[in-house]
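A.B. asks: Per my numbering, the very first residue in the sequence shown carries number 3; after that it's consecutive.
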Amino acid sequence: MNDLYGRLKTKKIKITEIPQWGPYFRKQWENNFANHLSDKDKKSIHLFDTGGYCGYLWHLFSYEKKGCIEGENAEVAFNNQPKKNCYVFYQHYDYVLFLQNDGMFNTDDLINEQDIYIVDKGFNWTYIQTHETGWFGPYFSVK
Numbered sequence: 003m004n005d006l007y008g009r010l011k012t013k014k015i016k017i018t019e020i021p022q023w024g025p026y027f028r029k030q031w032e033n034n035f036a037n038h039l040s041d042k043d044k045k046s047i048h049l050f051d052t053g054g055y056c057g058y059l060w061h062l063f064s065y066e067k068k069g070c071i072e073g074e075n076a077e078v079a080f081n082n083q084p085k086k087n088c089y090v091f092y093q094h095y096d097y098v099l100f101l102q103n104d105g106m107f108n109t110d111d112l113i114n115e116q117d118i119y120i121v122d123k124g125f126n127w128t129y130i131q132t133h134e135t136g137w138f139g140p141y142f143s144v145k
């Protein structure tokens, strides 16, 4: 997290730290990208942080419950996506960043980041880099 902050600062991206807001952003992400699934469906793909599978929101894509672009094509889509204001949050940390003037933000900035979610301010698109990148992800999807 600190490495990412430092990399973004050197690009003159305006960063606002929002501590403790991870649960809110994870719920907003679920509401915007997984709202077509029932609670039973969400449970069946281990979307939540319970049980042996230690749920991940990105299971929405690995279980093919929502269309997405995957792998290198997802990286290209994210890098080409016009960015003005983005939120960056994590699966397992409650630390959130709000980025402004972030047109220079790209996948090179995400070196060593795992289970990280990026969304535009309106939750219209998302980019996710998983801890299993290479097997699962990264993913890019639109609402």
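We put the CB at the ideal spot given by N, CA and C, even for glycine.
A quick note: this is a predicted structure, and the numbers were derived from the prediction, not measured.
Give the secondary structure of Pro84 by DSSP, where H, G and I count as helix, E and B as strand, and everything else as coil.
C.D. replies: Reduced to three states, the DSSP call for Pro84 is coil.
A.B. asks: Would you kindly report the start and end of the unbroken alpha helix (DSSP H) that includes Tyr58?
C.D. replies: First-last for Tyr58: undefined, no H or E at that position.
A.B. asks: Between Phe50, Gly69, Thr135, Asn87, which has its C-alpha nearest His94's C-alpha?
C.D. replies: The shortest C-alpha separation from His94 is found at Phe50.
A.B. asks: Nearest by alpha-carbon distance to Ile20: which of Leu101, Cys70, Ser143 is it?
C.D. replies: Minimum Cα distance to Ile20 is reached at Leu101.
A.B. asks: My guess is that Phe107 and Lys85 are in contact by the Cβ rule of under 8 Å, so how many angstroms apart are they, rounded?
C.D. replies: Contact holds; Cβ gap of about 6 Å.
A.B. asks: For Thr128, which three-state DSSP category applies?
C.D. replies: DSSP places Thr128 in strand when its eight states are reduced to three.
A.B. asks: Taking only three categories from DSSP, how would you classify Ser40?
C.D. replies: DSSP places Ser40 in coil when its eight states are reduced to three.
A.B. asks: With C-beta atoms as the reference, is Phe80 less than 7 Å away from Tyr26?
C.D. replies: Taking 7 Å as the Cβ cut-off, Phe80 and Tyr26 do not qualify as a contacting pair.
A.B. asks: With H, G and I counted as helix, E and B as strand and the rest as coil, what does DSSP make of Phe142?
C.D. replies: Note: Phe142 maps to strand in three-state DSSP.
A.B. asks: Tell me whether Thr132 is buried or exposed, calling it buried when 16 or more other Cβ atoms sit within 10 Å of its Cβ.
C.D. replies: By the neighbour-count rule (16 or more Cβ atoms within 10 Å), Thr132 is buried.
A.B. asks: Helix, strand or coil for Leu62? Go by DSSP, reduced to three states.
C.D. replies: In this structure, Leu62 counts as helix in the three-state DSSP scheme.
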